[in-house]
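Protein chains in written order, with the working numbering: chain A, 1 to 177; chain B, 1 to 177.
Beta carbons: idealized from backbone N, C-alpha and C, even for Gly.
#1: What would DSSP say about residue 41 of chain B, mapped onto helix, strand or coil?
#2: Return the CA-CA distance between residue 92 of chain B and residue 157 of chain B, expressed in angstroms with no decimal places.
#3: Between the alpha carbons of residue 130 of chain B and residue 61 of chain A, how many angstroms are there, rounded?
#4: Residue 34 of chain A by DSSP, collapsed to three states: which one?
#5: Determine, using beta carbons only, whether residue 1 of chain B comes closer than 8 angstroms to chain A.
#6: What are the residues in the stretch 33-65 of chain B lying within 7 angstroms of chain A by C-beta distance?
#7: Chain B beta carbons: is any one of them nearer than 8 angstroms to that of residue 143 of chain A?
#8: If you pair each beta-carbon of the stretch 18-33 of chain B with each one of the stretch 48-60 of chain A, do three or more pairs fall below 8 angstroms?
#9: Is residue 78 of chain B helix, strand or coil when you go by DSSP?
#10: Using a Cβ cut-off of 8 angstroms, pull out every chain A residue sitting near residue 124 of chain B, in sequence order please.
#11: Taking the DSSP output, what are the residues bridged to residue 166 of chain B?
#12: Given a limit of 9 angstroms on CB to CB distance, which residues of the stretch 161-176 of chain A reach chain B?
#13: I'd like to know whether the C-beta of residue 179 of chain B is nearer than 8 angstroms to at least one C-beta of chain A.
#14: Here's the rule: buried if 16 or more other CB atoms are within 10 angstroms of the residue's CB, otherwise exposed. What is residue 69 of chain B?
#15: Which partner residues does residue 123 of chain A have in the DSSP bridge list?
#16: In its own chain, which residues sit with a C-beta less than 8 angstroms from the C-beta of residue 106 of chain B, not counting the 5 before and 5 after it?
#17: How many angstroms separate the CA atom of residue 110 of chain B from the CA atom of residue 137 of chain A?
#18: Given a limit of 9 angstroms on CB to CB distance, which residues of the stretch 143-158 of chain A reach chain E?
#19: Relative to the C-alpha of residue 154 of chain A, which candidate in A:31, A:66 and A:11 has its C-alpha closest?
#20: Hey, does residue 25 of chain A have any beta-carbon neighbour from chain B nearer than 8 angstroms?
#21: How far does the alpha helix (DSSP H) with residue 139 of chain B in it extend, from its first residue to its last?
#22: Along chain B, in chain order, which residues have C-beta atoms closer than 7 angstroms to that of residue 29 of chain A?
#23: Tell me, please, which residues DSSP counts as bridged to residue 149 of chain A.
#24: Buried or exposed for residue 100 of chain B, please, with buried defined as at least 16 other CB atoms from any protein chain shown within 10 angstroms of its CB.
#25: What number of angstroms, rounded off, separates the C-alpha of residue 125 of chain A from the C-alpha of residue 120 of chain B?
#26: Identify the continuous alpha helix (DSSP H) that holds residue 182 of chain A and give its terminal residues.
#27: If you measure beta-carbon to beta-carbon, which residues of the stretch 77-104 of chain B are closer than 9 angstroms to chain A?
#28: What residues match up with residue 72 of chain A in a beta bridge as DSSP calls it?
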């Protein structure tokens, strides 16, 4: 594991108190988060809040190593079982998608980890940051808690390029056992 | 997650009682186990018990989709921090290795997940089985417990071929919190 992420998790624990094993794994893992949620909570599904094509602004172009103005797919979802579990924002440069993958991404509410598996996509995940954030009205509304939020950002790399940029957020009060 | 693995974990829970979140994740994840152990236990290292080249017999040839007689690297390690955590057997078809990777594998006691990361290798993991096993004298000796053992087997796939076949085993008494 990247030393920066290890220290990031230590910093969070100094601020909030101990994290559970599940919380630490959800912040650090380079595996599918969908798979972890499936095994912890039962078969999860996603509820899509936003799904739209946008043009990359400077910040996004830099995150994904694409040109300003390139088309990106911007998706905001809540991964949930009976209750909401993780709030996730994904950004995908559309020109890096092959057609099958693109269809799955746009057509149906399928978690990205499951789409990658369905298409046997070989990849690697680079965790970029972990942090604790104050909650926001949107998060309070979704999770029905005022708990501080744990967050990480990471890239899914495929053929040496960023295929997906992701930000995942969940309340500190969740996954505590 | 594969339905078969989901049901396998349910069967284990029927036999042994509830598994902890960490145990279920360690059995089901398609991410690096080294990373998970790093975040749970501190920076882990490996102790190599066996490392040798062998010729593939029929069983191994079939597992790896190689020819009988092909050279394989057979490695048995204990992943440990202060105490032993996971006992792992890996089998790698040598002709699928590039030279850098091969050197790292043979030269030093580096966990496979860390070698993959160092070389930016894109891959996917296919979990093949999860099970509970009676312990053996070797496991009692290593882990100093007579607890039943949790086990999984999986493949790391790279360029559509099995790059590593792995079997990981740890005591039910470990990772319980």
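In brief:
#1: helix
#2: 11 angstroms
#3: 42 angstroms
#4: helix
#5: yes
#6: 35, 36, 38, 39 and 40
#7: no
#8: no
#9: strand
#10: 116, 117, 120, 121, 122 and 123
#11: B:90 and B:154
#12: 175
#13: Outside the shown range of chain B (1 to 177) lies residue 179 of chain B, about which nothing can therefore be said.
#14: exposed
#15: B:123
#16: 51 and 73
#17: 46 angstroms
#18: In summary, chain E is missing from the structure at hand, where the protein chains are A and B.
#19: A:31
#20: yes
#21: 137-143
#22: 29, 31, 35 and 36
#23: A:133 and A:171
#24: exposed
#25: 10 angstroms
#26: Any property of residue 182 of chain A remains undetermined from this structure, which presents chain A solely from 1 to 177.
#27: none
#28: A:54 and A:93
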